[in-house]
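Asks: Numbering (the working numbering), first residue to last: 94 to 265.
Beta carbons: idealized from backbone N, C-alpha and C, even for Gly.
Keep in mind the model is a prediction, meaning the values are calculated, not measured.
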Amino acid sequence: MKLNATSERIPVTWPEFGGLHPFAPRDQATGYLEMIASLTEWLKTVTGFDAICMQPNSGAQGEYAGLVAIDRYHASRGEEHRNVCLIPKSAHGTNPATAQMANMKVVVVDCDENGNVDVTDLKAKAEAHSNDLACLMITYPSTHGVFEEAVREICAITLPPTAARVSWTAPT
94 MKLNATSERI PVTWPEFGGL HPFAPRDQAT GYLEMIASLT EWLKTVTGFD AICMQPNSGA
154 QGEYAGLVAI DRYHASRGEE HRNVCLIPKS AHGTNPATAQ MANMKVVVVD CDENGNVDVT
214 DLKAKAEAHS NDLACLMITY PSTHGVFEEA VREICAITLP PTAARVSWTA PT
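(1) Compute the distance between the beta-carbons of A219 and T251, then report whether it is under 8 Å.
(2) Going by C-alpha distance, which of V201, E242, L160 is nearest A192?
(3) Whose C-alpha, out of I145, D120, G141, A122, is nearest the C-alpha of L132?
(4) Whole angstroms are fine: how far does the CA of D120 sit from the CA of L229?
(5) With burial defined as no fewer than 16 other Cβ atoms inside 10 Å of the residue's Cβ, what is the status of R175: buried or exposed?
(6) How about V202 and L179: do their beta carbons lie closer than 8 Å?
(7) Could you tell me the alpha carbon to alpha carbon distance between G186 and R165, rounded to whole angstroms?
(8) Considering only C-alpha positions, which residue in the set P104, S223, A184 is nearest to V239?
(9) At what residues does the beta strand (DSSP E) containing P181 begin and finish?
(10) Could you work out which residue in E172, Q154, I129 is closest to A190 when comparing CA atoms only?
(11) Which residue comes first and which comes last in the alpha helix (DSSP H) that contains L126?
(12) Decide if A195 is buried, meaning its Cβ has at least 16 other Cβ atoms within 10 Å, or exposed.
(13) Report buried or exposed for S151, applying the criterion of at least 16 other Cβ atoms within 10 angstroms of its Cβ.
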């Protein structure tokens, strides 16, 4: 729920919403299941993805799941050596910690005085680690609330032909 307005989080404080026991029988969770199914379909429509997973719920758990998926992608291609994760200096503490938990080597990328990724430094570090580059972990908007104006260029720099890619096209 990171970066959500307080008003958006109020419903989870309601006992009738947030108080369902995790092992409640399915017949006592029909409203939750309907809500999750509806949200899943909406997200599939918005993103164009074939499927959506509602787990994990935490941003840090999502970071870890994503890095594990990237690691396994590279392993499936016989590129187990790809273990470098570029992380902007502006990132919050879970990013490098999570990357290390996923056995990634963290390389910190400089930021400018406004918290934007320093594209020149990113290019230099992506090139220096190109043989072992696995991914870039970027929070968007950044921890400083910055929407990187150069995000497309940033992604293009850090996605060599064999890097893990996640992309989507918004439906028209």
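Replies: According to the structure shown:
(1) Numbered from 1 along the sequence shown, position 126 holds the residue referred to as residue 219. Numbered from 1 along the sequence shown, position 158 holds the residue referred to as residue 251. Yes, these two residues count as a Cβ contact at 8 Å.
(2) The residue given as residue 192 occupies position 99 in the sequence shown. A192 has its Cα closest to that of L160, out of V201, E242, L160.
(3) Your numbering for residue 132 matches position 39 in the sequence shown. Of the candidates I145, D120, G141, A122, the one whose C-alpha sits nearest the C-alpha of L132 is I145.
(4) Counting from 1 along the sequence shown, the entry for residue 229 is found at position 136. Counting from 1 along the sequence shown, the entry for residue 120 is found at position 27. Going from the Cα of L229 to the Cα of D120 covers about 42 Å.
(5) Within the sequence shown, the letter at position 82 stands for residue 175. Buried.
(6) Indexing the sequence shown from 1 puts residue 202 at position 109. Indexing the sequence shown from 1 puts residue 179 at position 86. Yes. Within cutoff.
(7) Counted from its first residue, the sequence shown places residue 186 at position 93. Counted from its first residue, the sequence shown places residue 165 at position 72. Near 24 Å, if we compare the C-alpha coordinates of R165 and G186.
(8) The residue you call residue 239 lines up with position 146 of the sequence shown. Looking at the Cα atoms, A184 is the closest of the given residues.
(9) For the purposes of this step, residue 181 is taken as the residue at position 88 of the sequence shown. Note, P181: beta strand (DSSP E), 177-181.
(10) Reading the sequence shown from its first residue, position 97 is the one you call residue 190. Nearest of E172, Q154, I129 to A190, Cα basis: Q154.
(11) As a position in the sequence shown, residue 126 is number 33, starting the count at 1. 123-140 is the span of the alpha helix (DSSP H), which, as asked, contains L126.
(12) Here residue 195 refers to the residue found at position 102 of the sequence shown. Classification of A195: buried, given that the 10 Å Cβ count is 16 or more.
(13) Taking the first residue of the sequence shown as 1, we reach residue 151 at position 58. Exposed: under 16 other Cβ atoms inside 10 Å.
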